[in-house]
Structures are given as structure tokens and as C-alpha cells.
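Numbering (full-length UniProt numbering), first residue to last: 1 to 400.
For glycine and all other residues, C-beta sits at the position ideal for the given N, C-alpha and C.
What you are looking at is a predicted structure, and each value in this text was computed from that prediction instead of being measured.
What follows is one structure encoded as C-alpha cells, with my remarks underneath.
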Amino acid sequence: MEQRDSEAAPPTLGVGMVGYAFMGAAHSQGWRTAGRVFDLPMRPVLAAIGGRDAAAVRAAAVKHGWAAAETDWRDLVTRDDVQLVDICTPGDSHAEIAVAALEAGKHVLCEKPLANSVAEAETMVAAAELARERGQLAMVGFNYRRVPAIAYARRLIADGRLGTLRHVRFTYLQDWLVDPDFPLTWRLEREHAGSGALGDLGAHIVDLAQYLAGEPLVGVSALSETFVRERPLLAGASAGLSASGGVERGAVTVDDAALFTGRLASGALASFEATRMASGRKNALRLEINGELGSLAFDLERLNELSFHDHTEPAASSGFRRILVTEPEHPYLEAWWPPGHALGYEHTFAHQARDLVEAIATGTDPAPSFADGLQVQRVLAAVEESAEKNAVFTPVPTAP
Ligand code: SOE
């Protein structure tokens with residue numbers, strides 16, 4: 001761990017967070033941990049947490065270490081002790097909360113996907129641009145950019161170790177919706193979530209593809225499907241990805257799976273799969289990037305490892321080798337444990353908090369910006385449009 005040698009305590013940064021479910025818990029841990037592990041120029045203070053259910057939000061405040069609880073997000077974003085608003089609510093409220101927080105003079109961190117539509121994301125970008133002129137910053141929470149192995153992969157690609165990229169392939173597979181009796185939570189309702197596996201998981205891999213390649217997707221072609229079209233209505237509250245249902249059923253209004261191909265600006269080809277119905281796959285985000293000089297492969301279920309093949313090495317002795325990404329020279333690792341003492345999912349949120357605090361303290365634009373989030377949103381919208389148009393060609397046998 002890094003030691004503070006300065007006598008003077010750094011200034012504080014009051015954080016107000018809206019939402020306290022799975023992502024709220026993950027972000028809380030990130031805010032609590034970042035200032036204790038990294039030598040930050042500002043010390044995050046967990047000032048207030050917001051949610052509609054008074055008893056539940058008070059319980060969340062106690063459990064996750066927030067000093068105060070608010071039941072109306074409007075009261076939270078205007079609090080004097082809050083300088084940064086962290087939005088961990090379903091996508092249908094992102095735009096309204098983010099714009100209000102920016103107008104109230106706060107910095108904003110917003111969970112992915114940035115919004116439920118391109119129009120909402122554009123409004124958020126416009127508000128963030130105005131706020132930037134006043135010195136406020138806005139960032140989207142694509143936390144997987146902060147996995148050390150992924151940040152290191154980005155460094156290798158930017159350093160030219162893969163040369164010109166030819167193909168990238170990304171899959172993000174989960175299985176918590178395999179059971180047709182899993183209830184209709186907000187993640188299965190278009191009006192709350194915007195889309196299904198596409199926005200929930202596809203957004204992550206689209207962001208990672210564009211981040212790692214350092215260029216945007218310029219065209220996509222897609223298929224999507226809703227395999228289970230009705231599910232039991234929710235009985236009681238959902239907790240994280242667990243929930244139970246009643247007898248009545250309601251319509252699922254989002255995709256269960258989305259598969260798409262794409263082209264990056266440089267001409268490299270890309271393929272993507274996002275589903276929450278791949279039995280046995282719990283949180284399997286996998287990627288492979290092939291360039292003319294080498295290739296990289298990564299699997300989130302082994303997140304301390306990166307596979308690298310250097311194609312400039314003699315063929316007889318080359319091949320994929322495993323890099324254990326736990327050295328102090330690797331991104332974020334200088335402040336953590338000795339080499340080989342692995343990190344996990346939750347650390348990405350501490351890294352996200354660290355990067356945003358440093359950006360605020362130095363007045364530097366953080367990444368991914370709201371504009372990056374809008375670009376992802378545009379790709380998701382193009383995927384949906386392509387899937388809806390369903391331009392599928394049937395293999396036809398040639399007449400004898
Ligand atoms: C559910 O599929 C989910 O919680 C996503 O919403 C998160 O973004 C991902 O990190 C884990 O899975």
C-alpha cells in the first residue's frame with residue numbers, strides 16, 4: 001500500500017449516490033476503498049445516498065457507509081455537501097438526474113449504458129458540455145476499462161505491439177435468465193432498461209472494443225431474439241440479480257440475446273455476442289484481438305491474466321503466453337498487493353473512483369466521457385435497427 005508522507009490532509013470530495021441495489025453496492029465499495037488504497041489528491045466522502053423507499057435507503061446508508069439518506073434524488077443533487085453525483089439507477093432516470101445534477105453545479109458519474117435512447121444521451125452530452133465550461137466533469141461507468149489486464153491490453157495495442165488490427169471478437173455471456181420462471185424485473189422492461197442483453201452486456205463490449213482498438217465502430221449488422229416472451233410478475237423486491245415471481249405473468253419487452261458483426265473505422269472486422277441465457281456462463285466476458293504483429297485474449301472469469309502472442313517471434317517458439325497482470329508496473333497495481341496477490345471484480349470500481357477523483361483534482365477530461373457513452377448508444381441503436389429490419393438471406397439450393 002502507498003503511504004501518505006504529507007502532513008496536510010487532502011481536500012474532501014463529497015459524493016452523493018442515487019440507487020442502492022447491486023451497482024449501488026459496487027460503487028459504494030469503490031468510493032470507500034479508493035481513498036484508502038490510492039494516494040489521492042482529494043478524499044472521497046460518502047456524504048449521502050438516495051432512494052425512494054425510506055427504510056431501505058436508510059438501511060443501505062448504514063450498510064454501505066453513507067452519512068445521510070435522501071428519499072428524493074432532487075434533494076440529494078442539491079445538497080451543499082455533495083460535489084459529485086453518482087447515478088446507479090435504472091437507465092430510464094439517468095438523463096433526468098444527470099442533467100439536474102450538472103445544472104446544480106455537480107460533477108457526475110453515470111452507470112452504463114449512458115441512457116435508454118440516443119436522444120436522451122444527446123441531451124446529457126449537451127448538458128455535460130455546458131457544465132464543462134463551468135469546470136464540472138462527467139464520466140460514464142464502464143468499469144471493465146479499469147480491469148488492470150484490460151488497461152494493460154490497451155497499452156500494448158496503443159504501443160503498436162499488435163500492429164494493424166484485423167479482427168476483434170467479444171462475447172459477454174451470463175445465465176441468470178435461463179429459467180423461464182425468473183420474474184419480470186426492471187431489466188426485462190424496455191421502458192426501464194431501454195433494451196435487454198444488448199444494453200446491459202452489449203454496451204460493455206461495444207465500449208471495450210472501441211476503447212481497446214482506439215477507434216469507433218462505423219457499421220453493424222445484427223440479429224436479436226426474445227426466447228421467453230412472458231415471465232411471472234415480480235413478487236416483492238429484487239436483490240441484485242435475484243428475485244422471485246408470483247402467479248400472474250407479464251410481457252418481456254427486451255431482447256434476451258443479441259449477436260452482431262461490425263466494422264471498425266480502420267476496416268478491422270468485429271463480432272459480438274451478448275446474452276443472459278447461456279447456461280453455465282456466469283459473467284463470461286471474453287475477447288480476442290488479432291493484429292498483423294500479434295494477438296491478445298482475455299477472459300473476465302480469469303481477470304488477472306492476459307494472453308499475448310507476439311507474431312514477430314520465431315514461429316517454432318512463439319505462441320500465446322499468459323501474462324499475470326499483478327506487477328507494480330501494470331495499471332493500478334502499484335498501490336495494491338505484492339505480485340501474484342490477485343484482484344477481482346470489485347476493484348474495478350475503486351479504480352474508476354480513483355481515475356475520476358484525479359481528473360477532478362487536475363481538471364482533466366475523464367474517460368469514458370458522456371460523448372463516448374453517446375457513441376456506444378448510437379451503436380446500440382444501429383444494432384436494434386438492423387435486427388428489426390431482419391435482412392436475413394436464406395441459403396437456397398441451386399435448381400438442378
Ligand atoms: C447484469 O447483467 C450485470 O449486473 C450488468 O448490469 C453489469 O453491468 C455487469 O457488470 C454485471 O452484470
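Residue i, DSSP secondary structure in three states
i    : result
E189 : coil
A284 : strand
N290 : strand
H107 : strand
M42  : coil
G135 : coil
T348 : helix
T12  : strand
S93  : helix
R161 : coil
L356 : helix
E2   : Its pLDDT being 45, under 50, E2 is placed unreliably by the model, and the measurement read from it follows with that caveat. Of the three classes helix, strand and coil, the one that applies to E2 here is coil, per DSSP.
A98  : helix
R302 : helix
R74  : helix
L343 : coil
G199 : helix
E329 : coil
L177 : coil
A121 : helix
T394 : coil
D312 : According to the sequence provided, residue 312 is Thr. The question's Asp does not apply to it. It is coil, neither helix nor strand.
A399 : coil
Bridge partner(s) assigned by DSSP for residue i
i    : result
A257 : E225, T275
P49  : One point to set straight first is that residue 49 is Ile, not Pro, in the sequence displayed. Answer is M17, A69, bridged to I49.
Y172 : A274, L285
S307 : A297, R322
A232 : Correcting the residue identity first, residue 232 is Pro in this sequence and not Ala. Partner(s): R249.
R263 : G219, L269
H167 : L269, N290
D86  : M17, L109
A141 : It should be noted that the sequence gives Gly, not Ala, for residue 141. According to DSSP, G141 bridges with E111.
heavy atom of ligand 1 below 7 Å from residue i C-beta
i           : result
D200        : yes
residue 447 : Past the boundaries of the shown model lies residue 447; the chain is included only from 1 to 400, so the question cannot be answered.
R276        : yes
residue 401 : Only positions 1 to 400 of the chain appear in this structure, which leaves residue 401 out of reach.
L241        : yes
K63         : no
Q210        : no
H204        : yes
Q375        : no
Q352        : no
Q174        : yes
K112        : yes
Extent of the continuous alpha helix (DSSP H) to which residue i belongs
i    : result
L184 : That residue, L184, is in no alpha helix (DSSP H); it is neither H nor E in DSSP.
G24  : 22-37
V385 : Note that residue 385 is Glu in the sequence shown, not Val. Unbroken alpha helix (DSSP H) run through E385: 370-389.
P148 : 148-158
H64  : 54-64
Y211 : 203-213
Near ligand 2: residue i beta-carbon under 7 Å from a heavy atom
i    : result
S318 : This structure does not include ligand 2; its bound ligands are ligand 1.
Cβ contact (3+ pairs, closer than 8 Å) linking the region 163-174 and the region 285-294: yes
Quick test of the definition: if touching needs 3 or more C-beta pairs under 8 Å, does the region 268-278 touch the region 304-315? They do not touch, by the three-pair rule.
Taking three-plus beta-carbon pairs below 8 Å as touching, is the region 37-47 in contact with the region 60-78? yes
Taking one C-beta from the region 203-216 and one from the region 92-109 each time, how about it: are there three or more such pairs within less than 8 Å? no
Is the region 211-221 touching the region 251-258, taking contact as three or more C-beta pairs under 8 Å? no
Touch test, the region 181-190 against the region 237-249, Cβ-Cβ under 8 Å, three pairs minimum: yes
Pairing CB atoms from the region 115-133 with CB atoms from the region 365-381, are three or more of them under 8 Å? yes
Does the count of Cβ pairs from the region 151-165 and the region 363-371 closer than 8 Å reach three? no
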